[in-house]
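Residue numbers (our numbering): 200 to 1196.
Don't be surprised by glycine CBs; every beta carbon is placed ideally from N, CA and C.
Values in this document were obtained by computation on a predicted structure and should not be read as measured data.
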Amino acid sequence: MSGTNRIAGAGRLTPARTARFTFDGRTLTALEGDTVASALLANGIHLVGRSFKYHRPRGILSAGAEEPNALLDVSRDAARRQPNVRATVQEVFDGMKVESQNRWPSLAFDVGGFNDLLSPFFAAGFYYKTFMWPKAAWHAIYEPFIRRAAGLGVAPTEADPDHYASRYAHCDVLVIGAGVAGLSAALAAAKAGAKVILCDEQPDVGGALRYERGTTIDGKDGWDWAQATARTLAAMDNVTVLTRTTGFGYYNHNFVGLVERVTDHLPALDKALPRERLWQVRAKKVILANGSIERHMVFANNDRPGIMLASAGRTYLNHYGVAVGSKVGVYTAHDSAYEAAFDLKRAGVAVPAIVDCRDNPGEAVLAEARRLGIEVLTGHSVVNAGGKLRVSSISVARNGGGSARKIAVDALLVSSGWTPSVHLFSQSRGKVKFDAQTQRFLPGTYLQDCLSIGACNGTDDLQATIDEALAAGELTARAAGAEGGTQVTLHGDNAYGWTGGMIGAAEGAGSDTSVKAFIDFQHDVCAKDIRLAVREGMQSIEHIKRFTTNGMASDQGKLSNMHGLAIAAEALGKDIPQVGLTTFRQPYTPVTFGAIVNHSRGNLFDPARKTPVHAWEEAQGAAFEDVGNWKRAWFYPKAGEGMHEAVARECKTVREVAGLFDASTLGKIEVVGPDAAQFLNLMYTNAWDTLKPGRCRYGIMLRDDGFVYDDGVVGRLAEDRFHVTTTTGGAPRVMNHMEDYLQTEFPHLKVWLTSTTEQWAVIAVQGPKAREIIAPLVEGIDLTNEAFPHMSVAEGKICGVPTRLFRMSFTGELGFEVNVPADYGQAVWEAIWERAEPMGACAYGTETMHVLRAEKGYIIVGQDTDGTLTPDDAALSWAVSKKKTDFVGIRGLKRPDLVKEGRKQLVGLLTKDPTVVLEEGAQIVADPNQPKPMTMLGHVTSSYWSENCGRSIALAVVAGGRARLGQTLYVPMADRTIAVEVSDMVFFDKEGGRLHG
């Protein structure tokens, strides 16, 4: 047997196909297709967990993703264990092990339940007023205790053995939600010829048709129509149907994140299949058909196990064939709950009463209730629920007062109406509007190319929903460029039309401060807590949310937000829109780390990027350093050499002969288009329209605030083409910076940006013999000083390979940077090395590069700048055009604080003892004997031993630095104070003649 509460002939599951699982060590039988929730209910189990704060017994409340109570630990083996799985979503598979959470020593007897007796001391906001004294107790007692108590479930300790997949997809129309509205819209869009993706979080399409009875579409039973329509769509070449797939995030430019559960329901894992698949979808148009979420009733002890949403009771009966009790009461403020009573009654389940807090329910449902012999108590409220581990009775009283009548029940279905699911619409940055008549928030102003249809748009009537969906499907398909196809028409009928609904506390919640009428089940937030927050001075719903934690649990307030908002509005004496609405954020439902991290695990978590010359560098015994993700040759030690000796040798060799340096990691961006020069004029501080093809220029890029963001050399290859270089670490952010401005601020410019960092290997040949080394290898480029002076660029060939050859230097020596396609990088390097080595040249690494550039006073953005330096602070004011009227950061540069006297400026430092090398980051003061805390003037940004200068050198930012040239300052260290002299930034070849070779 698959459970004593199964009703023969009810539901859509196959009785012969069973699965066995355990719950807290007890072996149970389910049917294939059961969720853990439906299987537990089939076996008569309502108690599934304990609440977070009070440890009160909790049961299954819903049948969907909004479930706040039934969060369980689910595993198939020791390594495949996941806490906080919603029992209403997780499908049962054979061999599944399920454990309840947040209880000890057992679910039925939980020591933590003592918290419920102490609840007066745990009022909302107590954590803001306690744990403050004595101060020393925080680290020793309070914090360890809070950390142990925080959270639900226990995080896995073993490595996840599963793998996860990711797909990027593009479509004309993405439809999220496969109920009547979503299916109709997808069908219309697909028939119009659009490329459609349809997704739904459930294992089957149908949405509310899972529990509906009496709905027909085109003469067919609603559920049968949905399955037939899904088969039709799946058979179409232009449609992708994804079930068990949740749309969890709506991002900019119609980029939507979907997560597909691929194997979580399977008893035997196929190693070829991922556990989950992340879909990253870019859609021309998005149709939101997310439906609506039923709300619970707020009354005393409404959290007893066995109390659940009316739609959940219908789902468990009509889809899973499970009766949630043998004597089921109904408490409602909406007509929809009546249909749950009807379905149960017709299935042979006793329904003692329908309690309706309204005086005038819908006439049709009221008449049917009477016909079925169900007592209806209109104008009444449930003022209390009896029982502990499961509801055993309800106390009912007439609204306005009077004695209470106790009615025995073993389950209670509740409904206060339906909240349109506007979560994804809000994530799209759309603005909701409040419908005062129906007391609900609906989609208002759209900011992206999307449409909301059906229940999530406030459309309640079935035929109106179908018509709206068909129109939206065809409209979005045509707008996305689809042509042709056939028009779809559908006709739907419902057994009953629905009326009613309420938000906030019913009479059973009272205004009494001691009544536990729950709004947020997971965080134990009651109606009284909202009122307390108001009394404490909270007026904004965002403040109330944080004071009470209402809506801050893993369900993100899907059931609690509207109730909390209404109670707050009532307490404040304001209309609901005046109190505000909390922000809906991604993800819509919890997403596993595995799905998000995806392939980025192990060696792929932080992948190493290697240059085309990496293998040669390894063979030469280079030591490597990590620069971002890049592995860069740091220095090339010879036998018996340490780093200091190797770098000193490399520095001398480059200055005296030549050196080869792998500069492939520099960022490279191709900027192309008739407006390329105008675009660069706006992005950089200096002018580019005056730069002639075949010439290069050093450029500074600023942020809006006027601070240095990046730098690099830009070569103009043609009137409409520039080769832009960036710092190694800045390549991605500069590309993003440019693209952001091009798309948002300068969309009128005809410019195209392409990252080419990986396409070019770059070999820097620097030193007096650089020209002599490469000249025999170069074809089609005259390398003489006259034809190819410093800061030139030309295209030709080297070693028979296409090259972009730059004459530029980051060492102050005669220098060339050879750009060749990456595939030829090592071959060209080896050919150049074959020429260079016999001449006495060396290969040098990043440490030598740092020393050589510091000798010349060349800065490195990000090392010598810290995000607070302007070009003038960095001694680069010469690179800021005085003629341009606009560029990014020009207004920031004019801010008073950025032009005032005494700003920190980049200068050189020479230690009084030339053998002492300063520590980078060391602080600088004027008087080492001043009392602490000392006044810091700045800090050391770069510091090296210079073999070429025969002494230590350093760069530093110092307040009023240029005015202090020649002054003695001090660098206090733990063991001594170092005297330094402020100097200019150029330590070697001050005249700069070596550049021109």
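Limits of the unbroken alpha helix (DSSP H) element including residue i
i              : result
aspartate 728  : 726-734
leucine 1136   : Run containing leucine 1136: none; DSSP gives neither H nor E here.
lysine 390     : 379-390
serine 510     : 509-517
glutamate 1033 : 1024-1035
lysine 744     : 740-747
valine 1212    : Residue coverage of the chain in this structure runs from 200 to 1196, which leaves residue 1212 outside it and unanswerable.
asparagine 301 : Here asparagine 301 belongs to no alpha helix (DSSP H), and DSSP marks it neither H nor E.
cysteine 850   : 842-855
Best match in the options for proximity to residue i [C-alpha to C-alpha]
i                  : options                              : result
phenylalanine 1186 : Asn828, Thr1010, Gly995 and Leu982   : Thr1010
methionine 1038    : Val1157, Val856 and Gly1091          : Val856
glycine 1044       : Phe860, Ala1158, Lys1093 and Asp1096 : Phe860
glutamate 231      : Gly243, Pro214 and Cys725            : Pro214
aspartate 1188     : Val1060, Leu1013, His722 and Ala584  : Leu1013
isoleucine 1237    : Ala969, Tyr645 and Ala930            : Nothing can be reported for residue 1237: it is not among the residues displayed for the chain, which extend from 200 to 1196.
histidine 922      : Trp951, His947, Arg430 and Asn935    : Trp951
serine 383         : Leu689, Glu1029, Trp887 and Leu881   : Leu689
glutamine 785      : His947, Thr428, Gln777 and Ser627    : Ser627
methionine 701     : Met761, Phe308 and Ala1162           : Met761
proline 504        : Arg285, Val608, Met1135 and Asp904   : Val608
serine 237         : Thr329, Asp659, Glu266 and Phe251    : Glu266
tryptophan 829     : Leu865, Ser799 and Ser954            : Leu865
tryptophan 1015    : Ile980, Gly999 and His1049           : The sequence as given places phenylalanine at residue 1015; tryptophan does not occur at that position. Checking every option, the nearest Cα to that of phenylalanine 1015 belongs to Ile980.
threonine 160      : Gly1159, Ala539 and Val529           : The question about residue 160 has no answer here: the residues shown for the chain are numbered 200 through 1196.
alanine 679        : Val826, Trp1028 and Leu373           : Leu373
Cβ pair residue i, residue j closer than 7 angstroms
i                 : j              : result
glycine 820       : glutamine 965  : no
valine 299        : tyrosine 253   : Reading off the sequence shown, one finds serine at residue 299, where the question assumed valine. Taking 7 angstroms as the Cβ cut-off, serine 299 and tyrosine 253 do not qualify as a contacting pair.
valine 613        : histidine 495  : yes
arginine 476      : alanine 364    : yes
serine 491        : proline 619    : yes
aspartate 273     : valine 291     : Residue identity check: residue 273 is valine in the sequence provided, not aspartate. Not in contact: valine 273 and valine 291 (Cβ atoms no closer than 7 angstroms).
threonine 174     : asparagine 693 : Since the first and last residues shown for the chain are 200 and 1196, residue 174 lies out of range.
alanine 610       : glycine 524    : yes
proline 402       : arginine 443   : yes
isoleucine 775    : leucine 764    : yes
isoleucine 740    : alanine 732    : no
phenylalanine 498 : glycine 699    : no
isoleucine 1201   : alanine 552    : The requested residue 1201 does not occur in the structure, where the chain is confined to residues 200 to 1196.
For residue j and residue i, believed in contact at Cβ under 8 angstroms, the rounded distance
i              : j               : result
valine 395     : cysteine 370    : 6 angstroms
alanine 654    : tryptophan 617  : 7 angstroms
valine 907     : leucine 916     : So it is not a contact: roughly 26 angstroms between Cβ atoms.
glycine 1107   : isoleucine 1123 : Between isoleucine 1123 and glycine 1107 the Cβ distance is about 12 angstroms, and since that is not below 8 angstroms, they are no contact.
arginine 894   : methionine 1007 : Their Cβ separation, rounded to whole angstroms, is 11 angstroms, which puts arginine 894 and methionine 1007 out of contact at 8 angstroms.
glycine 263    : threonine 287   : 6 angstroms
tryptophan 815 : glutamine 1025  : 6 angstroms
isoleucine 375 : leucine 623     : 6 angstroms
leucine 397    : valine 438      : 7 angstroms
Delimiting residues of the beta strand (DSSP E) encompassing residue i
i              : result
asparagine 880 : Looking at the DSSP string, asparagine 880 is not in any beta strand (DSSP E); the run it does join, the alpha helix (DSSP H), is 875-882.
arginine 430   : Arginine 430 -> not in any beta strand (DSSP E); alpha helix (DSSP H) instead, spanning 421-433.
arginine 545   : Where arginine 545 is concerned, there is no enclosing beta strand (DSSP E), although the alpha helix (DSSP H) it sits in stretches over 535-545.
methionine 331 : Careful: methionine 331 lies outside any beta strand (DSSP E) and carries neither H nor E.
valine 247     : 246-249
tryptophan 887 : That residue, tryptophan 887, is in no beta strand (DSSP E); it is neither H nor E in DSSP.
threonine 712  : No beta strand (DSSP E) contains threonine 712, which DSSP labels as neither H nor E.
CA-to-CA distance, residue j to residue i, given in whole angstroms
i             : j              : result
threonine 203 : glycine 512    : 16 angstroms
valine 1098   : aspartate 1183 : 21 angstroms
alanine 974   : threonine 1047 : 25 angstroms
threonine 685 : histidine 452  : 29 angstroms
glutamate 817 : threonine 926  : 24 angstroms
alanine 568   : leucine 661    : 22 angstroms
arginine 604  : aspartate 648  : 54 angstroms
glycine 547   : isoleucine 206 : 9 angstroms
alanine 1030  : glycine 1196   : 23 angstroms
leucine 588   : serine 305     : 13 angstroms
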